[in-house]
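K.L.:
Here it is, the structure in full.
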Amino acid sequence: MRLLEKVGLVGLGLVAGVSVSLHFAALADKETIATPLPVEELRAFSEVFGRIKSDYVEPVTDKKLITEAINGMLNGLDPHSAYLDAESFKELQVGTQGEFGGLGIEVGMEDGLVKVISPIEDTPAFQAGIKSGDLIIKLDDTLVKGLTLNDAVKRMRGKPGSKIVLTVIRKEEPKPLTFTLSRAVIKVQSVKPKLVEPGYAFVRITQFQEHTGENLATALENLIKQNQGSLKGLVLDLRNDPGGLLTGAVGVSATFLAKNALVVYTEGRTDEAKMRLVASPENYLRGSGKNDYLKNLPESIKSVPLVVLVNGGSASASEIVAGALQDHKRAVIMGTQTFGKGSVQTVLPLGNNTAIKLTTARYYTPGGRSIQAKGIVPDILVEDPTTAGQDSAFRLREADLNKHLTNGNPSDEKPDHVGKTAPASPNTKGDAAKPAPAEFGAKNDYQMNQALNLLKGMQILHGK
Numbered sequence: 009m010r011l012l013e014k015v016g017l018v019g020l021g022l023v024a025g026v027s028v029s030l031h032f033a034a035l036a037d038k039e040t041i042a043t044p045l046p047v048e049e050l051r052a053f054s055e056v057f058g059r060i061k062s063d064y065v066e067p068v069t070d071k072k073l074i075t076e077a078i079n080g081m082l083n084g085l086d087p088h089s090a091y092l093d094a095e096s097f098k099e100l101q102v103g104t105q106g107e108f109g110g111l112g113i114e115v116g117m118e119d120g121l122v123k124v125i126s127p128i129e130d131t132p133a134f135q136a137g138i139k140s141g142d143l144i145i146k147l148d149d150t151l152v153k154g155l156t157l158n159d160a161v162k163r164m165r166g167k168p169g170s171k172i173v174l175t176v177i178r179k180e181e182p183k184p185l186t187f188t189l190s191r192a193v194i195k196v197q198s199v200k201p202k203l204v205e206p207g208y209a210f211v212r213i214t215q216f217q218e219h220t221g222e223n224l225a226t227a228l229e230n231l232i233k234q235n236q237g238s239l240k241g242l243v244l245d246l247r248n249d250p251g252g253l254l255t256g257a258v259g260v261s262a263t264f265l266a267k268n269a270l271v272v273y274t275e276g277r278t279d280e281a282k283m284r285l286v287a288s289p290e291n292y293l294r295g296s297g298k299n300d301y302l303k304n305l306p307e308s309i310k311s312v313p314l315v316v317l318v319n320g321g322s323a324s325a326s327e328i329v330a331g332a333l334q335d336h337k338r339a340v341i342m343g344t345q346t347f348g349k350g351s352v353q354t355v356l357p358l359g360n361n362t363a364i365k366l367t368t369a370r371y372y373t374p375g376g377r378s379i380q381a382k383g384i385v386p387d388i389l390v391e392d393p394t395t396a397g398q399d400s401a402f403r404l405r406e407a408d409l410n411k412h413l414t415n416g417n418p419s420d421e422k423p424d425h426v427g428k429t430a431p432a433s434p435n436t437k438g439d440a441a442k443p444a445p446a447e448f449g450a451k452n453d454y455q456m457n458q459a460l461n462l463l464k465g466m467q468i469l470h471g472k
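As numbered in this note's numbering, residues 9 to 472 make up the sequence shown, in order.
Below is the structure:
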């Protein structure tokens, strides 16, 4: 069955419940490039295969050896290329709908261990207190060392309601921590809007899903009705948003950009790996058959003062949106430097419901900046006072992953907090004075309040 081409999911790593970065493509439709076979290397492979079959301490099936060889080829390339068995491939496809089974942890592999990139909001992992940067060393009684990322993810998946014990190392803790989590069917609410005060709205996007664009359009219509008129300012919160569907990222960007403005482009070795996506229905609907959900939005949305909040957990689709709005000078980007996941993965079906996920291109912002291993640098640096210093010291980024793909300019991978710095919170002196972590969008959300203050200042200047 032919899968949709060029409909992408841009997230990170793997999830204990599934979220990966990809484009769907049909392998049968790709022309293979004729290259000479490496005879000597294939001969060595054949000899190793035969030696294992004849001399290994226990019998090994041909299927296991070939599968492990495929895993080794892909895992040796970069942190995001992988082999997907039938179960992983099925869960990947189901996961794009915003509902899947598992714990809700975005994870990657580092030095043979599983590292938490970000817990997904409103999931068992998030509620249990799993944090970005946690290093998972044991799943129940099984040590993670020696497992592949796919194997570890499989162990974290399971029947909803069943329990699993995670043992983690956290850099600021002297001893390993244990968390008992109940697996659940993960239902992620993609768009969370609210009117903070008259004239000023806050919209959080937790993940880019199939319906994110249209949900955002509906949310904005409702906010304008609730406000009884056009908004004076809007905060778009992409903090800890690990990514999702590429069409969702284009739709969200198109909500605020002029029609046909460039959102993102990709560069790779093949013609299929080269794309230019603009703010048009053809790019954010992508043959879905839906009506254009942006056509009835008030024109004021295209010009409402906009601040986008990001942090080290903002990745892929989030970085595409932030980069597009920043390059077109449509929004002020505030927060801390993003994750830096700017590579494109293409899922190529192999038959028997299996596939490979292969890195085929890099993402670039409209201004030609590579997102890969660099991320988006905010216009105004504002750290969360409850985690001040930890975002740069402990947070895992793409550039920290073993064998990560470079962006072609190694100097661009270094943390680079360019831009203005907002005043520090009065509660940032000393660990004892730090307030408890605030819920995103709550009254004590320091970064959100800084964004609102900026919007009000912009309104005053505009009035003058």
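Ideal Cβ placement from N, Cα and C applies to all residues, glycine included.
Note that this is a predicted model, so its numbers are computed, not measured.
1. For PHE53, name the three-state secondary structure that DSSP assigns.
2. Between MET164 and ILE177, how many whole angstroms is the CB-CB distance? I'm expecting something under 8 Å.
3. Under the assumption that LEU253 contacts SER351 (Cβ atoms under 8 Å), give the Cβ distance between them as a whole number of angstroms.
4. Please report the Cβ distance between ALA266 and ASN158, rounded to the nearest whole angstrom; I am assuming they are in contact, meaning their Cβ atoms lie under 8 Å.
5. Can you give me the start and stop residues for the beta strand (DSSP E) that THR278 sits inside?
6. Is it right to say GLU447 is buried, meaning 16 or more other beta carbons lie within 10 angstroms of its own, or is it exposed?
7. In chain order, what residues of the same chain lie with their CB nearer than 6 Å to the CB of ASN415, ignoring the 5 residues before and after it?
8. With a Cβ-Cβ cutoff of 9 Å, do MET342 and GLN458 count as a contact?
9. Keeping to the same chain, check which residues put their C-beta closer than 6 Å to that of GLY3; ignore five residues upstream and five downstream.
10. Below 8 Å on the Cβ atoms is my guess for SER326 versus ASP249; work out the distance and round it to an integer in Å.
11. What residue from ALA209, LYS200, ASP148 and LEU228 has the CA that sits closest to LEU189's CA?
12. Quick check on GLU48: does DSSP put it in helix, strand or coil?
13. Where does GLY256 fall in DSSP's three states?
14. List the endpoints of the continuous alpha helix (DSSP H) containing GLU290.
15. How about the stretch 305-318 and the stretch 280-288: do they share at least three Cβ pairs that are nearer than 8 Å?
16. Whole angstroms are fine: how far does the CA of ARG294 sit from the CA of ASN461?
17. How about VAL152 and VAL124: do their beta carbons lie closer than 9 Å?
18. In whole angstroms, what is the alpha-carbon distance linking SER324 and GLN236?
19. Taking Cβ positions, are LYS349 and GLU406 nearer each other than 9 Å?
20. Alpha carbon to alpha carbon, how far is GLY331 from LYS72? Give it in angstroms, no decimals.
21. Just confirm the distance between the C-beta atoms of SER198 and ASN223, as a whole number of angstroms; I'd bet it's less than 8 Å.
22. Based on the DSSP output, what are the partners of ASP245 in its beta bridges?
23. With the cut-off set at 9 Å, would you say ILE364 and LEU174 are in Cβ contact?
24. Can you check whether the CB of GLY116 is closer than 9 Å to the CB of ALA192?
25. By alpha-carbon positions, which one of GLU391, ILE113 and THR263 ends up nearest to LEU333?
26. My output table needs one value for LEU270: the three-state DSSP class, helix, strand or coil.
27. Starting from the N-terminal side, write out each stretch of the beta strand (DSSP E) that is 3 residues or longer and does not extend beyond the stretch 85-159.
28. Output the distance between the C-alpha atoms of TYR208 and GLU76, rounded to the nearest integer angstrom.
29. Measure the beta-carbon distance from PHE392 to GLN455 and round it to whole angstroms, keeping in mind my assumption that it falls under 8 Å.
30. What does the Cβ neighbour count give for ASP453, buried or exposed, with the cut at 16 atoms within 10 Å?
31. For the candidate residues PRO46, ILE145, LYS411 and GLY166, whose alpha-carbon lies nearest to that of PRO184?
32. Compute the Euclidean distance between the alpha carbons of THR186 and PRO306, then round it to the nearest angstrom.
33. Do LEU82 and LEU366 have their C-beta atoms within less than 9 Å of each other?
34. What residue range does the beta strand (DSSP E) around GLY359 cover?
35. Assuming ILE177 is part of the beta strand (DSSP E), what are its boundary residues?
P.N.:
The structure says:
1. In the structure shown, the three-state DSSP call for PHE53 is helix.
2. Rounded, the Cβ-Cβ distance is 17 Å, inconsistent with contact.
3. Going by Cβ atoms, the distance from LEU253 to SER351 rounds to 16 Å, so no, they are not a contact pair.
4. The Cβ separation is near 42 Å, so there is no contact.
5. From DSSP, THR278 is part of no beta strand (DSSP E); its letter is neither H nor E.
6. exposed
7. SER378, GLN380, ALA381 and LYS382
8. yes
9. Any property of residue 3 remains undetermined from this structure, which presents the chain solely from 9 to 472.
10. 4 Å
11. ASP148
12. Helix, per DSSP.
13. helix
14. 289-292
15. no
16. 38 Å
17. Here VAL152 is not near VAL124, since their CB atoms are 9 Å or more apart.
18. 35 Å
19. yes
20. 43 Å
21. 6 Å
22. Partner(s): ARG212 and LEU317.
23. no
24. no
25. THR263
26. strand
27. 90-92, 107-110, 113-118, 121-127 and 143-147
28. 54 Å
29. In the sequence under discussion, the amino acid at residue 392 is Asp, which differs from the Phe named in the question. ASP392 to GLN455, Cβ: 6 Å. Contact.
30. buried
31. ILE145
32. 50 Å
33. yes
34. 351-359
35. For ILE177, the enclosing beta strand (DSSP E) covers residues 171-177.
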